[in-house]
Amino acid sequence: MTHAGAGGGIIPAGMEPTAYPVNDFGPAMRGMVIGAVGILHVFLAQFAIGGGFLMTYFQWLAGRGVPDARRFLDSFFKYLVLVSFVTGALTGVAMWLTTIQVGPHTIGLMVDEFHWIWAIEWCCFAVEIVAGYMFLRYGERLPDGVRLRLLATYALASFGSLFWINGILSWQLTPGAWLASGDVWAGFFNPSFWPSLLYRVAVSSTLGALAAIAVINTMDLDRAARHALLARAARLLVPMAAMPALGLWYVAVIPADSRAWLTGGSVAMSMFLALAAGASLLIGAYALVGIWWRRLYVSGATAALLLALAFGATAAGEFVRAGARKPFTIRQVLYSNAIAPAEVARLRAEGSVARDPYPLRDAARYPTAQLALGARVVRLQCAACHTMKGANGLVHLGGAWSLEQLRIAIARLQETKGFMPPFAGPATEVEAVAQLIRWEAAGAPAAWPVSDDPVALAQIGRWLDEAGTAPAPERPRPPGEATGGGRGGAR
Ligand code: HEC
-17 MTHAGAGGGI IPAGMEPTAY PVNDFGPAMR GMVIGAVGIL HVFLAQFAIG
33 GGFLMTYFQW LAGRGVPDAR RFLDSFFKYL VLVSFVTGAL TGVAMWLTTI
83 QVGPHTIGLM VDEFHWIWAI EWCCFAVEIV AGYMFLRYGE RLPDGVRLRL
133 LATYALASFG SLFWINGILS WQLTPGAWLA SGDVWAGFFN PSFWPSLLYR
183 VAVSSTLGAL AAIAVINTMD LDRAARHALL ARAARLLVPM AAMPALGLWY
233 VAVIPADSRA WLTGGSVAMS MFLALAAGAS LLIGAYALVG IWWRRLYVSG
283 ATAALLLALA FGATAAGEFV RAGARKPFTI RQVLYSNAIA PAEVARLRAE
333 GSVARDPYPL RDAARYPTAQ LALGARVVRL QCAACHTMKG ANGLVHLGGA
383 WSLEQLRIAI ARLQETKGFM PPFAGPATEV EAVAQLIRWE AAGAPAAWPV
433 SDDPVALAQI GRWLDEAGTA PAPERPRPPG EATGGGRGGA R
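Quick note on numbering: this note's numbering labels position 327 of the sequence shown as 309, and the sequence is numbered without any gaps.
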């Protein structure tokens, strides 16, 4: 296994970083592609886990003679769990397919560091498949005791896969003591391991309960019997009460700069956090008022609405989790654009695309070599989070700025916005990117002058030096404190 070391150099001295093929997703930036698949996957997988808890609980009730519990289990609820389980598995494969295209360096390092842990996770998954399928195929013919054991195996195995994957995913944001020691278990049981695991368990349980409530309402039962079942299913909403505390615990252990994005540093992220919290609160309030206090009849439509809210909360929560990692994919080890912090200084001297073997797909479009260079630099350093004209488009962001503003903003990238990594190339690459943005903004004309004024390049070099090669300081600066951003344009 490679050891990251405090400096974050993951590539052993003397070895070339692998140049993986790059992919282009048109108007969607790479981060968005993986985000969309990820949100769907997390939601389905968490429902499959919560569904497993709920079915185990109801089977236990059935064994103790609670009427209708077994009928509920043999209703279409199990197919719902099956569908989420199968689609969860399919979107899991989709995650691998996208992640090896979007972030091969990141996933490569994760597999390398957590090889055996990932193997354990896959074993849990295999057990989950066998137990789930056996229940579905033979469940109706089996006695209660065997059914309970099968469902408990399914639930435990699905919780197991969450347990193991959670250590790997939470490590990306809070690698903790692993950074210094390289110790696998220090990385696995990292500072955000427990709050994030418990939070996801609470979410899973809530999703299982909400879906069960919807299903119970479709069953042909008299009012009293329905209430009895609903009250049991609603017990799985109890862990929701811990979610605010778990959320605060999570926010308390993440790095100070990430926390600052969430609490006002980034408008988008603060907004999504508020959305996630708001949707969860609504679900909680409804559960409290509707199900327990007033013993309301919960219509299928209401339960579906609550599930939609839960999906919204999951989506916003995952957005926040991914956003909080910026500018890293693995904190202090790899930036979002797959450049290691320790590499930046070398790339500043050598050029970031000097060893990039892949030609541009649309090379013929660019009238000058400088613009083509700009396109390769953008592909390597910016495309993880930007497109040219689509999502988070560079042309929309900086196309109307003066040339000088653009140069400053790019050279001092990590000061322009603290969630961007430092620019990892020489002044000529900064200029190539600035020219490319202006050329695209001008409508990509057939002729474009080459800009190689040594005085301008020397000035860009000074800005690069002033910004340094380190990421933005831990805390984002207050808006008043000018830090380049280019808007001032002082020379
Ligand atoms: C880790 C993700 C990430 C990377 C990598 C990244 N950016 Fe950004 N950048 C962002 C985000 C997010 C914004 C904020 C967009 C907004 O304000 O709507 C942004 C904003 C900008 C802006 C506008 C700044 C302002 O003050 O409004 C410019 C210009 C820019 N980026 C250029 C670049 C260039 C050039 C590169 C590559 C050398 C790059 N970025 C790499 C995430 C990134």
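The beta-carbon is built from N, C-alpha and C at its ideal position, and this holds for glycine as well.
Assignment of beta-bridge partners to F310 by DSSP yields Y317. The beta carbon of E122 sits closer than 7 angstroms to the beta carbons of D56 from its chain, once the five residues preceding and following it are set aside; these are given in chain order. The C-beta separation of A224 from A194 comes to about 20 angstroms, leaving the pair out of contact by the 8 angstroms criterion. Scanning A137, R214, A406 for the CA closest to the CA of S186 turns up A137. D165 counts as exposed, since fewer than 16 other C-beta atoms from the protein chains shown sit within 10 angstroms of its C-beta.
Taking C-beta atoms as the reference points, I265 and L291 count as a pair closer than 7 angstroms. Secondary structure of R46 (DSSP, three-state): coil. For D239, the number of other beta carbons within 10 angstroms of its own is at least 16, and it is reported as buried.
DSSP, read as helix, strand or coil, puts V166 in helix. Distance from S140 to S178 at the Cβ level is roughly 17 angstroms; contact not present, criterion being Cβ atoms closer than 8 angstroms. Between ligand 1 and I321, a heavy atom-to-CB distance of less than 6 angstroms is absent.
Between G32 and M77 a beta carbon distance of about 20 angstroms is seen, past the 8 angstroms cut, so the two are scored as non-contacting. Remark: the shortest separation between the CB of T398 and any heavy atom of ligand 1 falls under 6 angstroms.
Taking 8 angstroms as the upper bound for CB-CB distance, I321 and A406 are in contact here, some 5 angstroms apart. In this structure the stretch 10 to 17 touches the stretch 365 to 376; the number of beta carbon pairs closer than 8 angstroms is three or more. Here DSSP, grouped into helix, strand and coil, assigns G356 to helix. In the three-state reduction of the DSSP assignment, R343 falls in the coil class.
For D94, the enclosing alpha helix (DSSP H) starts and ends at 86 to 95. The nearest non-hydrogen atom of ligand 1 is less than 6 angstroms from the C-beta of C364. Distances from the alpha-carbon of W430 to those of A297, P349, V415 put P349 closest.
Distance from L219 to R330 at the Cβ level is roughly 54 angstroms; contact not present, criterion being Cβ atoms closer than 8 angstroms. E95 counts as buried, since at least 16 other C-beta atoms from the protein chains shown sit within 10 angstroms of its C-beta. For P309, the CB falls within less than 6 angstroms of some heavy atom of ligand 1. With distances taken between CA atoms, R208 lies nearest to R53 out of L230, D344, R53. Distances between the C-beta of M11 and the heavy atoms of ligand 1 are all 6 angstroms or more. Under the three-pair Cβ rule at 8 angstroms, the stretch 439 to 454 counts as touching the stretch 380 to 395. Using a Cβ distance threshold of 7 angstroms, G381 and A354 do not count as a contacting pair. A distance criterion of 6 angstroms places the beta-carbon of S318 in contact range of ligand 1, judged by its closest non-hydrogen atom. For T81, the closest C-alpha among the options E110, H23, A44, F29 is that of H23.
Comparing alpha carbon positions, the residue from V412, A449, G450, L62 closest to S433 is V412. Within 6 angstroms of the C-beta of M14 there is not a single heavy atom belonging to ligand 1. An exposed status is given to G282, since fewer than 16 other beta-carbon atoms sit within 10 Å of its beta-carbon.
In terms of Cα proximity to W98, the closest of F170, A454, F7 is F170. Assignment of alpha helix (DSSP H) within the stretch 96 to 179, counting only whole runs of 4 or more residues, yields 97 to 120, 126 to 155, 160 to 163, 166 to 170 in chain order. Around the beta carbon of F254, 16 or more other beta carbons lie within 10 angstroms, which makes this residue buried. Between the alpha carbons of D344 and H368 lies a distance of about 18 angstroms.
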